[in-house]
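J.: Quick one: this structure, given as structure tokens, is what I'll be asking you about.
Number of protein chains: 2
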Amino acid sequence: MNHVTIKTLAKQLKLSPGTISKALRDSHEISAATKKRVLDLVHKLNYVPNPYASSLRKRKSKTIAVVLPEVADSFFSLAINGIESVAQEKGYHVLIYLTHEKFTKEQAILEDFNSGRVDGILLSISRETTNSRHIQQLQSTGVPVVLFDRVAEDVVSGKVTTDDFDSGYKATRHLLENGCRHIVFLSISNSLAISNKRMQGYKKALSEYPNQTSSVMLCSDNAAGDVKALKKLMGKKKRPDGIVVSVEKLAITAYHACQELGLNIPGDVKVIAFSNLATAFLLNPSLTTVTQPAFEMGKRAASLLFRTLEKKGDASLRETIILPSTLTIRQSTSGA
Amino acid sequence: MNHVTIKTLAKQLKLSPGTISKALRDSHEISAATKKRVLDLVHKLNYVPNPYASSLRKRKSKTIAVVLPEVADSFFSLAINGIESVAQEKGYHVLIYLTHEKFTKEQAILEDFNSGRVDGILLSISRETTNSRHIQQLQSTGVPVVLFDRVAEDVVSGKVTTDDFDSGYKATRHLLENGCRHIVFLSISNSLAISNKRMQGYKKALSEYPNQTSSVMLCSDNAAGDVKALKKLMGKKKRPDGIVVSVEKLAITAYHACQELGLNIPGDVKVIAFSNLATAFLLNPSLTTVTQPAFEMGKRAASLLFRTLEKKGDASLRETIILPSTLTIRQSTSGA
DNA sequence: CTCAATTACGCAAACGGTTTCGTAAATAAA
DNA sequence: TTTATTTACGAAACCGTTTGCGTAATTGAG
């Protein structure tokens, strides 16, 4: 119960705390014999140095923060795995925070990091985030931030994203090539860069085809409401014949709406979604997806952060990594 | 760049650090006027107290650890949300660790907690964990541990699980009632209590029906290998006509195997799975599931932990909460 | 054998808050 | 007016490690 500190060891071994500390850090000024005595007792007493005392003294916490909109989504689950894998390897600890897509929460969370709680931050901004003073404020105090997936364009920092414009283009073009001429784009935000880039790709593809109509539907965080709105849209006489779902969770919304309307996928409507769902190929019908390398993105983002933590060179701070997404064609967009 | 500490404030306001500290904690021995001066400067300088200095002095970290096998799974994703929601409300921080189903990793992670890094632990044990000395060792030093979902039976602690025996029973009985007579049970471990309880429920249900054969297949962490093994089993002349999938990730394995063998679900084989997949109802065919209240379990586990942290009463340490799972019948088990 | 260089360790000051105790000044009671 | 209280703050120890500096003892060089 009475916890063991460096002093406990010092007393038992009749050494000074400083000596113990040096022995533990394998300092050259401590004899091999003493080191062994120390290590033996450490093992016997299950002594583990208090990280907070150490952090205080060294001004390093050996921990990073991961700030996410939520973790319901497959993408973020996989990303966390990637992040954790490199953090564990580097001996860092990972604090996790969810903004639940709220800007004010994101602000409050980041503000706390002015305390020195973490050495660096991995951030994917909330849907509501339109300005990034809170991020810049943190950077100005010397805390490195790496943005991933949902990045803020006006922040200069390490960034890891996928080729969102191209993916949006490819996804849309795939629908066009399969005969769609009225394609809806389901979005979760009209401020998020990731959303806009995908949409720009969508528009670019559309612009290359004549005789098509487009429409963009902005979804909320209310699944039932989204289904209702989409049903209304899809229930019209001149309804869309293709849907580009720009974010994973809306894929279910789209299927749900079509199912309730009795619309056949891909017969009546073709659906393609940005998604990391492991079950995509098992859906009814199997879902054509644009898949992001989520685990890899987490790894890359974490690696980038650790590189800037290890070197004091601010060079890597500006590095932007863009990974390719992959289009996997399945039944939901199959021609005729 | 040069970070602001309590001394910075003290100097600028010509007060002592102690006074600042008290003002910040709204001590009654500081005048309202002084408090206001302090708060104003705090806000102006973006001052946030160093949590490690505070932790050191108060011997409390205001952070908990969540130790999970992995986070690929929907169950754990949802549980994390539940945990985070109550942690955020209580002003606690959440460290996340993944064992990747390795016992040695679990040991190493828990051992670190002898350092005082966290005030309490939420743990779901790895598939490999068969003894729990590492958990008991931690408890013996006064660190509260709450086990959830995958609990260790020989540990006396707070526990949150679902009614696994009953669920296994209900799931199996559901298959039996729909005509299955040769039901396979897919398991990921024969040491995990959660797995065994579900299996015991399965056996109990079987025992109530005559003329049935049973078999248990232990799966690995290699999805491809599992599919192969399951295909071998399902490819026999006298193949099973029902599958109880005892853990989410194997549901995909089961579908995959059946699909590759050209077996019709539910015609040739009926499948029921313990799963929190949001896409269960969209699968082909839609999947009958036993769903755990994952978010709620996370919340309950966290709440239980916080209760034991707040009160010094060890009473709650022994509390066991068992929540009901719900059976949702879909096409994958529909009769004839 | 003397003096310089190592070697191996102790001392004490940080790191940034928290908290107990003491006390001067202001206020109240007598 | 004198004494007892209260108010509002300062001083300093403390939490557990780290680390620069000092030094006794051992070793080496000349």
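Residue numbers (the working numbering), protein chains in the order written: chain A, -7 to 328; chain B, -7 to 328.
Built from N, CA and C at the ideal position, the CB exists for glycine as well.
Remember, predicted model here, so these are calculated numbers, not experimental data.
Against chain A, with Cβ distances strictly below 8 Å, would Gln128/B count as a contact?
T.: Taking Cβ atoms only, chain A never reaches closer than 8 Å to Gln128/B, which makes this a no.
J.: Against Ala45/A, what residues of chain B qualify as contacts under a CB-to-CB distance less than 7 Å, listed in chain order?
T.: Within chain B, the residues near Ala45/A are Leu48.
J.: Considering only heavy atoms of the ligand COA, does any lie closer than 7 Å to the CB of Leu48/B?
T.: In the structure shown, the ligand COA is absent, as is every other ligand, since no ligand is present at all.
J.: Give the single residue among His126/A, Ala243/A, Leu297/A and Lys6/A whose Cα lies nearest to the Cα of Thr312/A.
T.: The shortest C-alpha separation from Thr312/A is found at Leu297/A.
J.: For Thr283/A, I'd like the list of residues in its chain whose CB is within less than 7 Å of its CB, leaving aside the five on either flank, ordered along the chain.
T.: Contacts found: Ser267, Asn268, Ser317, Thr318 and Thr320.
J.: With a threshold of 16 other CB atoms inside 10 Å of the CB of Lys228/A, please say whether the residue is buried or exposed.
T.: Its Cβ having fewer than 16 others within 10 Å, Lys228/A is exposed.
J.: So with CB distances below 8 Å, who are the chain B contacts of Asn73/A?
T.: Those are Glu62, Val63, Ala64 and Leu90, listed as they occur along chain B.
J.: Suppose you measure from the CA of Arg142/A to the CA of Phe157/A; what does that come to, to the nearest Å?
T.: If I take the Cα positions, the gap works out to 13 Å.
J.: Give the list of continuous alpha helix (DSSP H) stretches no shorter than 4 residues that lie fully inside the region 148 to 187 of chain B.
T.: DSSP runs (the alpha helix (DSSP H)) wholly in the region 148 to 187 of chain B: 156 to 169.
J.: Is the Cβ of Glu98/A closer than 8 Å to any Cβ of chain B?
T.: Closer than 8 Å: no.
J.: Skipping 5 residues on each side, what residues in its chain have a beta carbon closer than 8 Å to that of Ile186/A?
T.: Result list for Ile186/A: Asp141, Arg142, Val143, Thr153 and Asp156, in chain order.
J.: Looking only at C-alpha atoms, which of Ala25/B, Gly112/B and Ser19/B sits nearest to Ile56/B?
T.: It is Gly112/B whose Cα lies nearest to the Cα of Ile56/B.
J.: Listing by chain order, which chain B residues have their CB less than 7 Å from the CB of Asn106/A?
T.: Near Asn106/A (Cβ distances below 7 Å), the residues of chain B are Asn38 and Val40.
J.: Taking the DSSP output, what are the residues bridged to Leu60/B?
T.: Paired residues: Leu90/B.
J.: For His35/A and chain B, any beta-carbon pair shorter than 8 Å?
T.: His35/A does not count as touching chain B.
J.: Nearest CA to the CA of Ala270/B: which residue from Asp260/A, Tyr247/A, Glu252/A and Lys262/A?
T.: Cα-wise, what sits closest to Ala270/B is Tyr247/A.
J.: Starting from Phe140/B, follow its DSSP beta bridges and name the residues at the other end.
T.: Phe140/B is bridged to Val152/B.
J.: Compare the C-beta of Thr0/B with all C-beta atoms of chain A and state if any pair is closer than 8 Å.
T.: Taking Cβ atoms only, chain A never reaches closer than 8 Å to Thr0/B, which makes this a no.
J.: Please classify Ser206/A: does DSSP put it in a helix, a strand, or coil?
T.: Here Ser206/A sits in strand by DSSP.
J.: For Arg51/A, which residues in the same chain have their Cβ closer than 8 Å to its Cβ, ignoring the five residues on either side in sequence?
T.: So the list reads Gly108, once near-sequence residues are dropped.
J.: Tell me, please, whether the region 188 to 200 of chain A touches the region 122 to 135 of chain A by the rule of three or more beta-carbon pairs shorter than 8 Å.
T.: Flag = no, the region 188 to 200 of chain A and the region 122 to 135 of chain A do not touch.
J.: Based on the DSSP output, what are the partners of Val263/B in its beta bridges?
T.: Answer is Ile235/B, bridged to Val263/B.
J.: For Thr280/B, count the other beta carbons within 10 Å of its own beta carbon; 16 or more makes it buried, fewer makes it exposed. Which is it?
T.: Buried, because 16 or more other Cβ atoms sit within 10 Å of the Cβ of Thr280/B.
J.: Could you tell me if Ile180/B is buried or exposed, where buried requires 16 or more neighbouring beta carbons within 10 angstroms of its beta carbon?
T.: Ile180/B should be labelled buried.
J.: Output needed in chain order: residues of the region 221 to 250 of chain B with a Cβ under 7 Å from some Cβ in chain A.
T.: Answer in chain order: Ile244 and Tyr247.
J.: Under 8 Å, do Gly234/B and Cys172/B count as touching if we go by C-beta distance?
T.: The answer is yes: Cβ separation under 8 Å.
J.: Since Thr312/A sits in a beta bridge, which residues does DSSP pair it with?
T.: Per DSSP, Lys151/A.
J.: What are the boundary residues of the beta strand (DSSP E) that Thr133/A is part of?
T.: Looking at the DSSP string, Thr133/A is not in any beta strand (DSSP E), and its letter there is neither H nor E.
J.: With a cut-off of 8 Å, does the C-beta of Glu120/A fall near any C-beta of chain B?
T.: Not closer than 8 Å to any Cβ of chain B, the Cβ of Glu120/A fails to qualify, so no.
J.: Using 8 Å as the limit for Cβ to Cβ distance, is Arg109/A near chain B?
T.: Yes, contact with chain B.
J.: Give me the Cβ distance between Ser206/B and Leu198/B, rounded to the nearest whole Å; I'm assuming they're in contact under 8 Å.
T.: With a Cβ gap of about 5 Å, Ser206/B and Leu198/B count as contacting.
J.: Applying the 10 Å Cβ sphere with the 16-neighbour rule, what's the burial state of Lys241/A?
T.: Counting Cβ neighbours within 10 Å, Lys241/A comes out buried, since at least 16 surround it.
J.: Taking Cβ positions only, does His(-5)/A come closer than 8 Å to chain B?
T.: Answer yes: the Cβ-Cβ gap between His(-5)/A and chain B drops below 8 Å somewhere.
J.: Let's test the definition: count the other Cβ atoms within 10 Å of the Cβ of Thr91/A and tell me whether it reaches 16, buried, or not, exposed.
T.: Looking at its Cβ environment, which holds 16 or more other Cβ atoms inside 10 Å, Thr91/A is buried.
J.: If contact means a Cβ-Cβ distance below 9 Å, which residues of the region 272 to 285 of chain A contact chain B?
T.: Answer set for the region 272 to 285 of chain A: Ala272, Phe273, Leu274, Leu275, Asn276, Pro277, Ser278 and Leu279.
J.: Once you ignore the five residues that flank Phe287/B on each side, which residues in its own chain have a CB closer than 6 Å to its CB?
T.: The residues are Leu70, Asn73 and Gly74.
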